[in-house]
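Residue numbers (the numbering used here), protein chains in the order written: chain A, 13 to 149; chain B, 13 to 149.
Note that CB positions come from ideal geometry on N, CA and C, so glycine has one too.
Working notes, beginning with the structure itself.
Protein chains: 2
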Amino acid sequence: MLKKADILIEQMEGRGYRATPARRTVLEVISPRRGHFTAEEVCEQAKNVGRATVYRTMKLLVETGIVCRVILEDGSLHYRLSHKDHHHHLVCMACGAVRDFIDGSLEEMVKNLVTKTGFEIEGHWLEVYGRCQECRA
Amino acid sequence: MLKKADILIEQMEGRGYRATPARRTVLEVISPRRGHFTAEEVCEQAKNVGRATVYRTMKLLVETGIVCRVILEDGSLHYRLSHKDHHHHLVCMACGAVRDFIDGSLEEMVKNLVTKTGFEIEGHWLEVYGRCQECRA
DNA sequence: TCAGATATGATACCTAGTATCACTTTCTCA
DNA sequence: TGAGAAAGTGATACTAGGTATCATATCTGA
């Protein structure tokens with residue numbers, strides 16, 4: 013049976029990137045993660061991978077869509093495994109849990125902005141912050 | 013006649029902060045600005061104000077609602093004068109122009125998320141990136 | 001098999017922002 | 001009015017997060 017990390021490695025190879033030991037290690041660190049994490053956390057856990065390589069790999073993984081960036085309320089950059097194409101994050105500020113959501117009305121709104129403002133819209137970024145059901149209890 | 017910077021100074025005083033020369037200088041640098049700018053740019057222009065003080069002042073201005081934070085697509089933190097209570101930004105990636113907008117459907121969507129997910133929602137952050145009418149021409 | 005392309009890790013470096021601290025300014029209230 | 005407290009300042013050193021460089025290692029395919 014293929015491990016999750018193997019599936020991700022295959023995704024990378026499919027995009028024309030080499031499946032190197034360093035990248036494998038990074039993916040093995042990342043793949044069991046549920047919530048969001050920083051590049052620095054990956055550095056700590058992937059001990060035999062250089063810091064520069066971890067940062068390079070994270071950038072690569074974002075490009076290939078394997079992970080996505082999560083910006084917390086304080087502006088700090090985190091990452092998490094990506095499961096869908098375009099989606100947004102609902103981040104619990106207490107436990108760090110992240111839920112994805114897609115919202116059609118938002119895409120609609122963006123379209124309206126085009127006609128209202130004359131802007132050509134290339135992208136948008138939405139993060140919602142709060143406390144999840146468990147943390148409220 | 014009151015300059016724009018004076019009005020902003022008054023706003024600060026109204027919140028219980030002192031109107032010091034350093035803060036005046038920062039506000040004079042900021043007040044004629046149209047688009048977004050970084051704290052570092054303010055440092056360069058407000059030459060006789062210490063860097064630490066500029067950063068402290070920027071933080072203060074965000075707290076008092078006089079400026080708001082703008083996060084660019086690359087994750088870097090900029091600021092701009094704030095004109096409304098809660099709003100979002102439409103940022104031109106070519107010329108740096110920023111347009112504010114308010115969107116009721118978004119607030120609606122956030123409310124829907126509460127019932128769908130059980131999250132208690134504390135805040136959200138939306139930035140839209142594109143090219144303005146002038147830059148497209 | 002070997003030349004070129006890719007990837008790596010160590011290191012130095014850079015940028016943005018914060019902590020510290022001695023000092024100055026301003027406020028306030030007796 | 002003036003003394004003490006509170007608030008603010010700037011220089012400096014420091015930290016975190018990330019990038020540039022470069023010699024070396026590894027892979028790939030003609």
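Inset, instruction - Using only alpha-carbon positions, find the residue among E134/A, M105/A, V74/A that is nearest to R27/A. - result: V74/A
Legend entry - Neighbour flag for R45/A against chain B, beta carbons, 8 Å: no
Inset, instruction - For V20/B, collect the residues of the same chain with a Cβ closer than 7 Å to its Cβ; drop the 5 residues on either side in sequence, then sort them by chain order. - result: According to the sequence displayed, residue 20/B carries Leu and not Val. Closer than 7 Å at Cβ, skipping near neighbours: L39, S43, I78.
Inset, instruction - Please compile the residues from chain B whose C-beta is within a distance smaller than 7 Å of the C-beta of G142/A. - result: F131, E132, I133, E134
Inset, instruction - Please state if the CB of F131/B and the CB of L102/A are separated by a distance shorter than 8 Å. - result: yes
Inset, instruction - Any chance you could list the alpha helix (DSSP H) runs of at least 4 consecutive residues sitting entirely within the stretch 31-102 of chain A, in chain order? - result: 33-42, 51-57, 63-75
Inset, instruction - Output, in chain order, the set of chain B residues within a Cβ distance shorter than 7 Å of T121/A. - result: Before going further, note that residue 121/A is Met rather than Thr in the sequence given. Under the 7 Å cutoff, chain B gives D115, S117, L118.
Legend entry - chain B contact residues for R148/A, given Cβ-Cβ distances below 9 Å: G130, F131, E132
Legend entry - Contacting residues, own chain, Cβ-Cβ under 8 Å from K16/B (five flanking each side not counted): S43, P44
Inset, instruction - Please classify G116/A: does DSSP put it in a helix, a strand, or coil? - result: helix
Inset, instruction - Step through the CB atoms of chain B and report whether any lies within less than 8 Å of the CB of S83/A. - result: Checking the sequence, you will find Ile at residue 83/A rather than Ser. Answer yes: the Cβ-Cβ gap between I83/A and chain B drops below 8 Å somewhere.
Inset, instruction - In the DSSP assignment, find the unbroken beta strand (DSSP E) run with R148/B in it and report its ends. - result: R148/B -> not in any beta strand (DSSP E); alpha helix (DSSP H) instead, spanning 145-148.
Inset, instruction - Compare the C-alpha of H90/A against each of A64/A, D112/A, A51/A, L118/A and name the closest. - result: A51/A
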